[in-house]
Amino acid sequence: MNRSRSSQPPVPRVTRSAGGRLTEPAERLDSGPGPYGKQRRKQADSALAQDLSQMSMSGQDTLNNSSPSASAVKSSSRGGLASVARLVKLGRCKNVVVVAGAGVSTASGIPDFRTPGTGLYANLEKYNIPYPEAIFNIDYFSNDPQPFFSLAKALYPGSHRPNYIHYFIRMLHHKGLLLRVYTQNIDGLEKLCGIPDDKLVEAHGSFATAACHLCYTAYPAEDAKQAIMNDKVPICTFCAATVKPDVVFFGEDLPQKYFLNTQDFPKADLLIIMGTSLQIEPFASLVNTVRSTVPRLLLNRNAVGPFEKVPLRRADHMELGDLEETVRRFAEMLGWNDDMEELMRSQETLSLPTLISSPLSVDQTSCQSKGAPAGTETSRSRAGGQRGASSGSEETDSETDSKSSASSSQST
Ligand code: CNA
1 MNRSRSSQPP VPRVTRSAGG RLTEPAERLD SGPGPYGKQR RKQADSALAQ DLSQMSMSGQ
61 DTLNNSSPSA SAVKSSSRGG LASVARLVKL GRCKNVVVVA GAGVSTASGI PDFRTPGTGL
121 YANLEKYNIP YPEAIFNIDY FSNDPQPFFS LAKALYPGSH RPNYIHYFIR MLHHKGLLLR
181 VYTQNIDGLE KLCGIPDDKL VEAHGSFATA ACHLCYTAYP AEDAKQAIMN DKVPICTFCA
241 ATVKPDVVFF GEDLPQKYFL NTQDFPKADL LIIMGTSLQI EPFASLVNTV RSTVPRLLLN
301 RNAVGPFEKV PLRRADHMEL GDLEETVRRF AEMLGWNDDM EELMRSQETL SLPTLISSPL
361 SVDQTSCQSK GAPAGTETSR SRAGGQRGAS SGSEETDSET DSKSSASSSQ ST
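Each step along the sequence shown adds one to the number in the UniProt record's numbering, with nothing skipped, and position 355 is 355.
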């Protein structure tokens, strides 16, 4: 996680906050000089627009002027998903950006924030905090770290395994289609399923590193975990303030890697938004920074962000319902079933390493994992963990696979 210090050159900063969405800057991105030549972009856009106009049904086609809840029902016509699958199979989407949220990990047994009943915000009584966001508020943490540490015990990597959705994202990479995945999740499951570091932006940080919340002196993540798991407070060796895992709290800077978004989103030719309420800024506004002709596919239980407004943007599609079930259907439409099965089977035989070691006393009471039991720790080092998960040979078979997906487009 980056934080500016006086001894370092100034770096651009962006701070996490809840709410306050920005307006859509897509048109601005279209008009100014961008990473692409204007001519090339225009050609690409019009070809894409043509493809889209030939499609039988988009999210917009099915929505008319209905309310978001009515649209939720109508979008289950499945037109949006099929349209986007067709684009992928036609080879039109080679720079896919995925925007992910807590809904991606609920199938791994980790509750999200806002789902009524099961979400963490609905179950915060035990943390004894004045308002839900306090648990991720840096000032609140400064005074009382216990609520966050209690929650951290349930969220620490080690007790949950990646699910089908994580592996689908990895499959996008394997097929050579993934430009980047931007996740708000702090559970480390993207990394654990083998998505390589250079394809992953953990926008809200992770538990893989830790530092003093006051002076930012680095602290061994493993030691911080051991302390937190044993209900002790890890203390900075330099200033004696409380150490915190490098999870980004409200009011804290996002990691420098987050700034890759300024290159990636204008370059994207498909944006897939999965399992997020798009409530947290600046992350939420990222989805508005792709070009206006670029298809955006929302996979979620309910309409969120720009998908709440009707009519939808022409290139917008949404498929509402259970995320894992939707992603399975998407994989089937893409003809990736066998590849997915093979990938997941190969992972079952691996004992997935945790990013930092797994304690014996993980509090799983609020997070009953639906997946397999926690992986046995095979490495304490972060590098070792990634090596184990991704086998170090996470080649993208873009050459063979994009050809085969294009040629198979006629068959399904
Ligand atoms: P959120 O606000 O809780 O929204 C989650 C969204 O996913 C909601 O719209 C749900 O309807 C949807 N959803 C949940 N489960 C499913 C499902 N099975 N099928 C379809 N849709 C589903 O969470 P966001 O990610 O939008 O908020 C960002 C916060 C959440 C980040 O700062 C995270 O740090 C934080 N968080 C992360 C985790 C994690 O790392 N797994 C867990 C809980 C919270």
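Cβ atoms here follow ideal geometry from the backbone N, Cα and C, with glycine treated the same way.
Out of the options, point me to the one whose CA is closest to residue i's CA.
i: L270; options: A85, S17, R16; result: A85
i: D112; options: I195, C193, I186; result: I186
i: P145; options: T118, A227, A208; result: A227
i: F249; options: E133, N288, L87; result: E133
i: A218; options: G194, P245, S105; result: P245
i: V247; options: E342, G176, P255; result: P255
i: N261; options: F207, V290, V243; result: V290
i: Y258; options: H204, A211, L298; result: H204
i: R16; options: N95, E281, M333; result: E281
i: E342; options: Y164, D264, I272; result: Y164
i: L214; options: D264, Y182, G176, F141; result: F141
i: R161; options: D264, T106, E332; result: T106
i: A224; options: I272, E348, F207, V96; result: F207
i: V243; options: D264, A268, T209, K267; result: T209
i: P266; options: A240, D253, K89, P295; result: P295
i: E348; options: K309, Y121, G194; result: G194
i: K199; options: E222, H174, A211; result: H174
i: I135; options: S159, P147, N143; result: P147
i: K153; options: Y131, I110, D322; result: I110
i: R92; options: A122, R301, G176; result: G176
Taking a contact to mean a Cβ-Cβ separation below 8 Å, would you say residue i touches residue j in this structure?
i: V99; j: T276; result: yes
i: D139; j: G251; result: yes
i: L192; j: P220; result: no
i: A303; j: L278; result: no
i: G101; j: M340; result: no
i: Y127; j: S108; result: no
i: D264; j: R180; result: yes
i: L299; j: F307; result: no
i: Y182; j: V201; result: yes
i: V104; j: L178; result: no
i: V88; j: L334; result: yes
i: M318; j: G117; result: no
i: R313; j: S346; result: no
On the DSSP bridge list, what partners appear for residue i?
i: K244; result: A211
i: V98; result: V181, I272
i: M318; result: L298
i: N137; result: F250
i: A218; result: A211
i: L200; result: V181
i: I235; result: T242
i: G205; result: V247
(request) State whether the stretch 165-176 contacts the stretch 324-343, with contact taken as three or more CB pairs (one from each stretch) at a distance under 8 Å. (result) yes
(request) Could you tell me whether the stretch 228-247 touches the stretch 274-293, where touching means 3 or more Cβ pairs closer than 8 Å? (result) no
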